[in-house]
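Numbering (our numbering), first residue to last: 486 to 1156.
Beta carbons are placed, not taken as given, at the ideal position from N, Cα and C, and that holds for glycine.
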């Protein structure tokens, strides 16, 4: 199978970002305008850059509208009326996660913007971009895609407003949502519209969701792309009843295998949202076509010397696969990229590394060969006829499926070949390693330690409590201890002193103060001091977000402990880094609350000393000052919107009902 592309020659400049660039190509119009909340980077790690090159290779004229000023529709008119459609995406990240921390504070930078500048895209960017697209040229089809649209395609819990919101289709009023990675879907949409089909005639495509008006009957039974239809609990029921929300979540996650997924229908009042089965995964030859497109691997020249932090992280990386069968409940990778691993051929990977070695400024180090997980390359079900019927959400939890092929042989061959490329000095693995799989192949672990780790290896044990790990769909804590021991032993055998860098999550559903104290004790006993920790953020569509919102496990309906208060969340985060003097007050409060004063003092098992260190007192003073400043300047979301600055008295600002958000405006002077 092939995507039927006619790739332009290498050296072809990036797609136009301005009307002048469009005219310089001899175009008087474009077929597609791709609107994105990210800076335009012509690199396969950036979805907008990849889809732009894909459409170009399929023969379409494409323009890129990157980070437009959404306050008017004029930027949308820069290229004239697009012949086929507007393709809208908030960017590589959900715009709300991009803008706000887990504590709902405005982030200080945006890794996907020039020089990390904030304020280059609105809150809920998909909504604003779709609105301006329709306003600029009424009647031109609007197709939304990307992570933000994919994960909000049905009713969903929104952490930032603490409400259940409708499907993004109803608020954005897009003609279609292309969910998932989107290559196959966007090509079928473009080719269908170019052939004269109306956007309504494209509703039978895989990987699309669409809105039905009040007068349109919802589909029933089997369809061209699905064996049957399942009706989800209506939006009104899901918003009012936690059990209905759980049922909606359970059904939607069981219908994610493209080989057996059924069409989903969810009513929203008199309207309805229809979600077709996911697009079929790309075959190896198709993956090679996509990643073999003539990317310049650079930001668009219009940015000049400006830095784009996200690009700097992946500039010299090579993606060898996509998808993840881990099924972690807090992670959106499986929901967006799919559970089936899609791998490139070894020839394709090595060709990209050879090309990378000739890039100006390349210093000999490939910063990463991996993907969502470093060591799932070429792994798949050994029984395709069983895979076609399987509805299991994780191939590795609670145990590794006996039908899963876990051979690291193809990956080891790629690693060996990659480090032998002329001009390449080092090939690192910076993607996280799935420990339970790596331990099955000591030779892989030895090669990793000998050649592909620059002192630190990222792994994600996430927690130690058995119940929390069950809710996360992660392996037991002993798995990390054994992996850490084996990795260090492998490093010593090759004369290196290397360490694992473990990632842990605070405030995940199921994790209370007691569980976090046990995790802190585990870290102390094993001499682990994690530099980077994560605060749990409920991401739309995720199973863990359902747990956070309802207090129930949607798969079992059993109650789940949920931590929501800001002070409690801060305590959990502080316990992960109990060794930092500035965390003393939060750790002490947690220990006293749990009745664990035995862990306060000078004993070898104690987490903190009896008296607060100077750093803790200094931090308390700084935070008191910052809290006063934020109260008057509004750096937090209050009531689901950035707080207004400098407008009216404090009494006027504290309203009983939150005002409607007017978009992301750092340092704006009121509504």
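Within the region 854–939, there are no complete beta strand (DSSP E) runs of at least 3 residues.
Judged by their CB atoms, residue 799 and residue 854 are not nearer to each other than the 8 Å cut-off. The closest CA to that of residue 524, considering only 602, 586, 590, is found on 602. Relative to residue 1091, the option among 1003, 1108, 1052, 496 whose CA is nearest is 1003. Taking 8 Å as the cut-off, the beta carbon of residue 811 is found closer than this to the beta carbon of residue 858. Residues 1005, 1008, 1009, 1072, 1092, 1093 of the same chain have their beta carbon placed closer than 8 Å to that of residue 1063, with the five preceding and five following residues left out of the count. Taking the C-beta atoms as reference points, residue 1075 is found nearer than 8 Å to residue 998.
In the structure shown, residue 753 falls within a strand segment according to DSSP collapsed to helix, strand and coil. A straight line joining the alpha-carbon of residue 654 with that of residue 753 spans about 11 Å.
In this structure, 779 is the residue among 779, 1012, 981 with its C-alpha nearest to the C-alpha of residue 497. Assigned with DSSP and collapsed to three states, residue 806 falls in strand.
Residue 575 counts as buried, since at least 16 other C-beta atoms from the protein chains shown sit within 10 angstroms of its C-beta. When 673, 1000, 788 are compared, the shortest CA-CA separation from residue 552 is found for 788. DSSP, reduced to helix, strand and coil, places residue 535 within a helical segment of the structure shown.
Each of 797, 1044, 1085 was checked against the Cα of residue 1097, and the nearest Cα belongs to 1085.
Taken through DSSP and simplified to helix, strand or coil, residue 706 comes out as coil.
Per DSSP, the continuous beta strand (DSSP E) segment holding residue 643 begins and ends at 641–643. If you check the CB distance, residue 580 and residue 610 come in under 8 Å. Distance from the CA of residue 806 to the CA of residue 862, rounded to the nearest whole angstrom, comes to 6 Å.
In the three-state reduction of the DSSP assignment, residue 569 falls in the coil class. For residue 775, the CB contacts under 8 Å within the same chain, skipping 5 residues up- and downstream, are 488, 529, 535, 539, 668, 767 in chain order. For the 8 Å CB-CB criterion, residue 943 and residue 917 form a contact.
Assignment of residue 1023 by DSSP, reduced to helix, strand and coil, places it in the coil class. The Cβ neighbour count for residue 1112, taken over all protein chains shown within 10 Å, is under 16; the residue is labelled exposed. With distances taken between CA atoms, residue 1000 lies nearest to 954 out of 982, 1039, 954. Scanning the region 613–652 from its first residue to its last, the whole beta strand (DSSP E) runs of 3-plus residues come out as 627–630, 641–643, 648–650. Note on residue 844: under 16 other CB atoms within 10 angstroms of its CB, so exposed under the neighbour-count rule. The Cβ atoms of residue 830 and residue 773 lie closer than 8 Å to each other.
In the three-state DSSP reduction, residue 656 falls in the helix class (H, G or I).
With a minimum length of 4 residues, the unbroken runs of alpha helix (DSSP H) contained wholly in the region 967–1038 fall at 998–1010, 1028–1035.
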